[in-house]
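Below is one structure, written out as structure tokens; the observations come after it.
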Amino acid sequence: MNELEKIEQQILELRGKLSHLEQRRQSLLAQGDSVVASAPKEYSPDQKIALFKSYFKGNEKCYAHRWQNNKGRSGYAVACFNEWQQGLCNKPKVKCLECPNQAFKPLDEEALYNHLVGQEVIGLYPMQPNNTCWLLAVDFDKSDWQLASKAYVDACQQNGIDCLLERSRSGNGAHVWIFFEQAIEAKLARQMGFFLLDEAMKIHGALSFESYDRLFPNQDVLPVGGIGNLIALPLQKQSRSCGNST
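Numbering (the numbering used here), first residue to last: 133 to 378.
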């Protein structure tokens, strides 16, 4: 069996798993009134955080937080308890991943709460140390992002794959999120992502898809000591109030 045949076989297996999930979903929906009756009318803050955390899973040992200086420059850095602490933090001379004093903050309920209520903007590292992931995100961020992201959603739907479409934090791009019931190899998730991109191009042949930027996870295997690329989490309060990151 050559590599292409292996990829096609893995895609078929994923479709089978997704089909099973869809059947389970339909079964729950069929319960109708009993499900609605048992559902709380309003979720508590803890329940909302737990629900958010159940979808957006990644490396729980660290996360990124957004910074902005007084000159207007901004970016993301690994959140660390020792950040800018005299005698402990030697940025920018020493990179965070090479720092002997690194004490990265975990991706816990407090971090997610601060993000959702607008106290900070945080990013997820989708890759786990064992090169698996719980989700796949597809980034679109140029002129045709609206049409291209919708085309990708169409490809997902035609292949029986549930997904969520998010308008990105800037308002000038989109993320398509696909969630897995269990952690799978990042390599396999990315193969599925590229397959769906090809399918979207077949369905919407007139689109250039120049807005397609990358997949998250952004690599099949982490380098030694690496944590991979980050993606900003959705539903941050300030962005949400502007109609973005939703």
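Glycine residues also receive a C-beta, built at the ideal position from the N, C-alpha and C atoms.
- The Cβ neighbour count for G305, taken over all protein chains shown within 10 Å, is at least 16; the residue is labelled buried.
- In this structure D330 does not touch D271 by the C-beta definition: roughly 17 Å separates them, more than the 8 Å allowed.
- A243 is bridged by DSSP to nothing; it lacks a bridge partner.
- As for any beta strand (DSSP E) of minimum length 3 sitting wholly inside the stretch 176 to 207, the runs are 196 to 200, ordered along the chain.
- Contact fails between the stretch 327 to 341 and the stretch 220 to 233, because fewer than three Cβ pairs, one in each stretch, are under 8 Å apart.
- Scanning the stretch 261 to 321 for uninterrupted alpha helix (DSSP H) segments of 4 residues or longer gives 277 to 290, listed from N- to C-terminal end.
- DSSP, reduced to helix, strand and coil, places G325 within a helical segment of the structure shown.
- In the displayed model, C228 falls within a helix according to three-state DSSP.
- Beta-bridge annotation (DSSP): L256 is paired with I363.
- From the listed residues N376, Q368 and S377, the smallest Cα separation to I181 is found for Q368.
- In this structure, I335 lies away from A280, with their beta-carbon atoms at least 8 Å apart.
- In this model, E145 and L256 are separated by some 27 Å (Cα to Cα).
- Between K149 and E342, the C-beta gap is not smaller than 8 Å, which leaves the two residues out of contact.
- Taken atom to atom, the span from the alpha-carbon of F213 to that of E135 is near 44 Å.
- A residue is called buried when at least 16 other Cβ atoms come within 10 angstroms of its Cβ; G360 meets this threshold and is buried.
- Each of Q251, A211 and M333 was checked against the Cα of S371, and the nearest Cα belongs to Q251.
- If you ignore the 5 residues before and after I363, its C-beta comes within less than 8 Å of the C-beta of G255, L256, P258, A269, D271, H307 and F348, all in its own chain and listed in chain order.
- Here R205 is exposed. Its C-beta has fewer than 16 other C-beta atoms within 10 Å.
- Assignment of D345 by DSSP, reduced to helix, strand and coil, places it in the strand class.
- Nearest Cα to N262 within the set G375, D352 and Q142: D352.
- Of the candidates L296, Y208, D178 and S275, the residue whose Cα lies closest to the Cα of V249 is D178.
- No residue range can be given for K223, since it is assigned to no alpha helix (DSSP H) and is classified by DSSP as neither H nor E.
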